[in-house]
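The sequence shown begins at 103 in the working numbering and counts up one residue at a time.
Just so it is clear, CB atoms sit at the ideal spot from N, CA and C, and this is done for glycine as well.
Computed from a prediction, not measured in an experiment: that's the story for all the values here.
Accompanying notes for the structure given below.
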Amino acid sequence: MDTWGEIKTYPITDSNDFWALFDELVDDDSKFIHNRNTILDAYTRGTLFGLRVTETDAMFENRERNIRVFCKGTSYTLPCFCIKDGSSAVIIWVHTRARRNGFGRILVEQLGITNAYCPLPESIPFWEKCGISIE
């Protein structure tokens, strides 16, 4: 990650990115798969956000080494997303293989999240570390 460009949030508006993220969710065997209607609704409303890395020369030169963390079939889209409602996070998901890299925190900070709506019990320590109140 030390040779990566800027990591920025962006609204998921492209169907290729949507399905790439959804495939990653399935691959991760995430329980969020049961929220597929919520995820699809967020996509259609424009409240589904992902993370993308700006390519650097070093990334291009070491493409094979970096590729395993990104969503398959995308240009440097990370396997994570946030559904946002105002300043609340409805869902934040980061693929197991991409956790502990600060991607969840980047989503929280760049999207201006101040509340977590009904978070999963196992995610409470994450929200507390980020200083986010729980609804």
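Where residue i falls, given that 16 or more other Cβ within 10 Å makes a residue buried
| i | result |
| --- | --- |
| Y112 | exposed |
| I135 | exposed |
| G152 | buried |
| D131 | exposed |
| C182 | buried |
| L142 | exposed |
| C220 | exposed |
C-alpha distance - residue i paired with residue j, whole-angstrom precision
| i | j | result |
| --- | --- | --- |
| V192 | T176 | 25 Å |
| E163 | T105 | 10 Å |
| S117 | E237 | 31 Å |
| V171 | G214 | 25 Å |
| I194 | G206 | 7 Å |
| M161 | I226 | 34 Å |
| T146 | T115 | 8 Å |
| F124 | T198 | 14 Å |
| T140 | L150 | 10 Å |
| D187 | P223 | 20 Å |
Neighbourhood of residue i by C-beta distance below 8 Å, restricted to the same chain and skipping five residues each side
| i | result |
| --- | --- |
| T216 | S189, S190, I234 and S235 |
| I208 | I109, T111 and L153 |
| A200 | V171, L180, P181 and C182 |
| D119 | G152, C173, T176 and T179 |
| V128 | I135 |
Residues near residue i in its chain [Cβ-Cβ closer than 7 Å; skip 5 each side]
| i | result |
| --- | --- |
| K231 | none |
| F228 | G206 |
Minimum Cβ-Cβ distance from residue i to chain B less than 7 Å
| i | result |
| --- | --- |
| R170 | Absence of chain B from the displayed structure is noted, only one protein chain being present. |
Cβ separation of residue i and residue j, assumed to be a contact under 8 Å, to the nearest whole Å
| i | j | result |
| --- | --- | --- |
| I185 | A218 | The Cβ separation is near 11 Å, so there is no contact. |
| T158 | G107 | 5 Å |
| Y178 | V196 | Incorrect: roughly 16 Å between the Cβ atoms, too far for contact. |
Cβ neighbours of residue i in the same chain (closer than 6 Å, five flanking residues each side left out)
| i | result |
| --- | --- |
| G148 | P113 |
| V210 | C232 |
| E126 | C173, P181 and H197 |
**Report entry** Entirely enclosed alpha helix (DSSP H) segments - the region 114-177, minimum 4 residues
**Finding:** Restricting attention to alpha helix (DSSP H) runs no shorter than 4 residues, the region 114-177 encloses them at 117-129, 138-147, 159-163 and 165-168, ordered along the chain.
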